[in-house]
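One structure is given below, encoded as structure tokens.
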Amino acid sequence: MAAKLRIPVITFKEGLVDAVKQRILATDSPARALFQAGGLEFVTLPLPMFPPSHGVQAAAPGDKVDAEKVELVESKWELTEDQLEVLLQATIVLGDAHNCAPLLLTPETGLPKNMQHLLKNVQWVQGTYAGVEQYLKRWEPGTPPPSFQLTRAGGINGLAQYVFGYKQKVFAQQALRYRPFQSVTVGILGLGAIGQAIGRLAKLAGFNVIGFCEHPTTSSAS
20 MAAKLRIPVI TFKEGLVDAV KQRILATDSP ARALFQAGGL EFVTLPLPMF
70 PPSHGVQAAA PGDKVDAEKV ELVESKWELT EDQLEVLLQA TIVLGDAHNC
120 APLLLTPETG LPKNMQHLLK NVQWVQGTYA GVEQYLKRWE PGTPPPSFQL
170 TRAGGINGLA QYVFGYKQKV FAQQALRYRP FQSVTVGILG LGAIGQAIGR
220 LAKLAGFNVI GFCEHPTTSS AS
């Protein structure tokens with residue numbers, strides 16, 4: 020019997036693993052068959068802590084930097100023996116770029132000194148963001164490319180909901196002034212997949228929506 024494929028998940032996004040499982044079960048794919056047979060497991064890990072000098076920002080807009088992080092002089096990652104074994108054997112990783120990029124591309128500072136032997140077998144990294152700039156800024160031009168394949172979360176990537184929640188997240192402690200949303204016009208610059216999804220959500224919520232794009236198409240007009 021083949022060994023179980025255990026995929027470490029490194030993310031601050033609550034409910035991500037459940038969403039991934041639901042998506043897998045909704046497809047007719049080898050991944051679904053493997054998952055139903057008990058051969059695929061997602062292992063959610065605690066988040067690593069990087070020192071301020073490492074240049075990693077807070078997990079999400081509006082999050083405050085933990086006081087313990089300010090005192091760090093090297094990375095810290097509290098893991099159980101089983102979690103360490105998962106990382107040692109991992110060939111696939113699912114995680115946020117701001118966590119995974121330091122761990123994989125700058126392990127000499129991203130990983131604690133006693134964990135430098137981990138993540139050596141990774142062949143595929145599935146990101147949770149639409150962007151990959153966290154990886155690009157850690158890869159020196161002219162050097163060999165990473166040994167793993169990197170795929171991003173394209174499409175709307177939850178950004179439509181993110182746009183609606185951003186202000187509440189960041190300014191939750193401030194007094195808010197309210198006005199009827201029917202009088203509010205939302206302007207969207209760029210009507211790719213993400214812009215269109217935000218526009219549709221805003222329109223359904225009752226806002227007046229105006230979109231701007233360089234090359235209008237039938238889909239963007241709708």
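Okay, so the sequence shown: first residue is 20 according to our numbering, each after it adds one.
Glycine is no exception: its CB is placed at the ideal position from the N, C-alpha and C atoms.
These numbers come from a predicted model, not from an experiment.
Throw me the rounded Cβ distance for the residue i and residue j pair, which I believe falls under 8 Å.
i: residue 29; j: residue 118; result: 5 Å
i: residue 39; j: residue 61; result: 7 Å
i: residue 115; j: residue 63; result: The pair is not a contact, with the Cβ atoms about 12 Å apart (cut-off 8 Å).
i: residue 67; j: residue 122; result: 7 Å
i: residue 206; j: residue 232; result: Between residue 232 and residue 206 the Cβ distance is about 12 Å, and since that is not below 8 Å, they are no contact.
With DSSP collapsed to three states, give me the class of residue i.
i: residue 189; result: Model confidence at residue 189 stands at a pLDDT of 49, short of 50, so the residue's coordinates are unreliable; what they give is reported in the following sentence. Helix.
i: residue 139; result: coil
i: residue 54; result: helix
i: residue 32; result: coil
i: residue 130; result: coil
i: residue 40; result: helix
i: residue 63; result: strand
i: residue 156; result: coil
i: residue 27; result: strand
i: residue 150; result: coil
Inspect the beta-carbon positions of residue i and residue j and report whether they are closer than 7 Å.
i: residue 144; j: residue 112; result: yes
i: residue 65; j: residue 97; result: yes
i: residue 106; j: residue 138; result: yes
i: residue 166; j: residue 129; result: no
i: residue 140; j: residue 110; result: yes
i: residue 230; j: residue 211; result: no
i: residue 157; j: residue 125; result: yes
i: residue 244; j: residue 43; result: For residue 244 there is no data in the structure shown, the boundaries of the chain being 20 and 241.
i: residue 120; j: residue 142; result: no
Looking at the strands, I want to know which residues DSSP matches up with residue i.
i: residue 169; result: 144
i: residue 231; result: 208
Quiz prompt | Length at least 3, wholly inside the segment 98–124: the beta strand (DSSP E) runs in chain order | solution = 111–114
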